[in-house]
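Reading through the structure tokens given below for one structure.
In this note's numbering, the protein residues as written are 206 to 785.
This is the structure:
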């Protein structure tokens, strides 16, 4: 049996913060940049991993959650659920130590690995492999070992001697961090997430947004963190990778808090559910699995409705009696007591539940255009020595429906960016047709300025419109009041999706280039996007892993990458969507 680790790092708090530093995990309160992160079999597992006490969260002046208290214990696999904008991402950031609550406290014991919805990878010039290895400090050790090896072959004897001593120290440090087996473990995790060796040897700047996010997920899982906080971890994963992740999380021995709209993942992994009720601004705790939670929550909603109806019936009778008694001076005091009793009775039950608001998502009315508003011929793209695709042709006719399919890393996002004029092809050209107006939705929300407010981003998209008209559009996408003054950078993934789609409404685009438009959306908002896809009269070029989005689009053409083959759509391509 492995002996529990009880060294000086056993009670350190470890926060993953993908930031501009691009460094490994930082140990709070300890000067060492690369403290050992031990495998689960060596954990000195704390009795409680996260404690939240009377937490209140706000988005500007808007109350999200109040009076929330809960714990995450070893073995807890917690599903954090609620509609878009309820505060799931905000709460997860607070649990990770990247935000602070308005009131209350959060205490984390042991190491915490945090995957944000929109991770920032820091230095994009480093290799993907080094980014993953940095979770345990292995990247630095391996670089120093390579330098020591070069020094050992130097002509100068003093240089050789120093290199030999350094090599010995570095090998000892490498052994503490897991040795060369840890490097093999990192490669195995990366491969399971659809990152083969050829991708790991590339700089991050050459990878697609989806590949970078998978690098960050691999880094978190490789870290050996005791508690995992994962915000939409299945985004950009194919079906095989999702299956592997499901098994990994099921076998994780520490704590887990996960936000996901992937119901099958929640069914397979969670044994507790925290439901963020946006109407009541509270967190309901369900200490059961996913299916039992759904049943119990429905029962709770019905119980609240019955309690409200009974209380209203009794209070109405008391108030009617009080009104009759008030007519007699001798009964005035009794009438007042009866009225107060009725008010207390109503105050003791929860208010009538407001229906969850759903964004009225729609795409713009397309401007008139020619028969073929967008064509491309002979497109090729490479990043350094990595060839993405060559000699791709495309023709987007007015009102056509085109799906781009290919395995992860095949260049789907790159092709959209070339068609949208955001990048230049190495060879070939993109030719706009008569009356072309493009609208581009980026999966990483690059079209939004994170430092500008919601309203300012809309002004950039519609400079000729008055603020009152911009606010009307934003209102239909669930941005109202103080929400429009929030910087885009603090929005959740679902809110950024809604804002990016709102800017498209102002574009009058007749060709929409859509890159994973249903990511980060709750089921109701996703259905609104699918409805918008069905009803939009212009042309759409779509990249997605969502089979429902392809069904809603009813495509007539498909482009297969990396070969660049364009063909008529048939149902046989449907099986490729989830694998793409």
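Think of the CB as a built atom: it goes at the ideal place given N, C-alpha and C, for glycine as much as any other residue. The model shown is predicted, which means the values in this text are computed figures rather than measured ones.
Answer with buried or exposed for residue 441, where buried requires no fewer than 16 other C-beta atoms within 10 angstroms of its C-beta.
-> buried
Alpha carbon to alpha carbon, how far is residue 504 from residue 668?
-> 49 Å
Three-state secondary structure (DSSP) of residue 276 = strand
What does residue 594 pair with, by DSSP beta-bridge criteria?
-> 586
Is the beta carbon of residue 292 sitting closer than 8 Å to the one on residue 320?
-> no
On the three-state DSSP scale, how would you describe residue 271?
-> strand
With C-beta atoms as the reference, is residue 682 less than 8 Å away from residue 719?
-> no
Using CA coordinates, which residue listed in 717, 274, 571 and 722 is at the minimum distance from residue 258?
-> 274
Tell me the start and end of each unbroken beta strand (DSSP E) in the segment 278-353 that is at least 3 residues and wholly inside, in chain order.
-> 282-286, 308-313 and 316-320
Assigned secondary structure, residue 710 (DSSP; H/G/I helix, E/B strand, else coil) = helix
For residue 289, is the classification buried or exposed, using 16 other Cβ atoms within 10 angstroms of its Cβ as the cut-off for buried?
-> buried
Report the option in 656, 757 and 511 whose CA atom is closest to the CA atom of residue 695.
-> 656
Throw me the rounded Cβ distance for the residue 317 and residue 432 pair, which I believe falls under 8 Å.
-> 5 Å
Local Cβ density within 10 Å of residue 151, reported as buried at 16 or more and exposed below that | Since the displayed the chain opens at 206 and closes at 785, residue 151 lies outside it and no answer follows.
Name the two residues that bound the continuous beta strand (DSSP E) containing residue 637.
-> 632-637
Please name the residue in 336, 254, 340 and 343 whose C-alpha comes closest to that of residue 301.
-> 254
Taking just the CA atoms, how far does residue 367 sit from residue 376?
-> 14 Å
Buried or exposed by the 16-neighbour rule on C-beta atoms within 10 Å, applied to residue 619 = buried
Roughly how many whole angstroms lie between the Cα atoms of residue 524 and residue 549?
-> 12 Å
Out of 629, 595, 579 and 594, which has the shortest C-alpha to C-alpha gap to residue 643?
-> 579
For residue 422, collect the residues of the same chain with a Cβ closer than 7 Å to its Cβ; drop the 5 residues on either side in sequence, then sort them by chain order.
-> 320, 398 and 438
Is the beta carbon of residue 420 sitting closer than 8 Å to the one on residue 336?
-> yes
Should residue 650 be labelled buried (16 or more other beta-carbon atoms within 10 Å of its own) or exposed?
-> buried
Alpha helix (DSSP H) containing residue 734: first to last residue?
-> 728-740
Member of 487, 514 and 471 whose CA lies at the smallest distance from the CA of residue 496 = 471
Unbroken beta strand (DSSP E) runs of length 3 or more, entirely within the segment 472-498: which are they?
-> 477-482 and 487-491
Which residues bound the alpha helix (DSSP H) around residue 674?
-> 672-681
Residue 502 versus residue 624 - alpha carbon distance | 46 Å
Could you work out which residue in 489, 539, 540 and 546 is closest to residue 517 when comparing CA atoms only?
-> 546
Hey, out of 469, 474 and 462, whose CA is closest to residue 456's CA?
-> 474
Since residue 256 sits in a beta bridge, which residues does DSSP pair it with?
-> 276 and 312
Please confirm if the segment 627-634 is in contact with the segment 669-680, defined as three or more CB-CB distances below 8 Å between the two stretches.
-> no
If you draw a straight line from the alpha carbon of residue 270 to that of residue 483, how long is it in whole angstroms?
-> 8 Å
Indicate the three-state DSSP secondary structure (helix, strand or coil) for residue 690 in the structure shown.
-> helix
Helix, strand or coil at residue 544 [DSSP, three-state] | helix
Among 760, 727, 314 and 756, the one whose alpha carbon lies nearest that of residue 743 | 760
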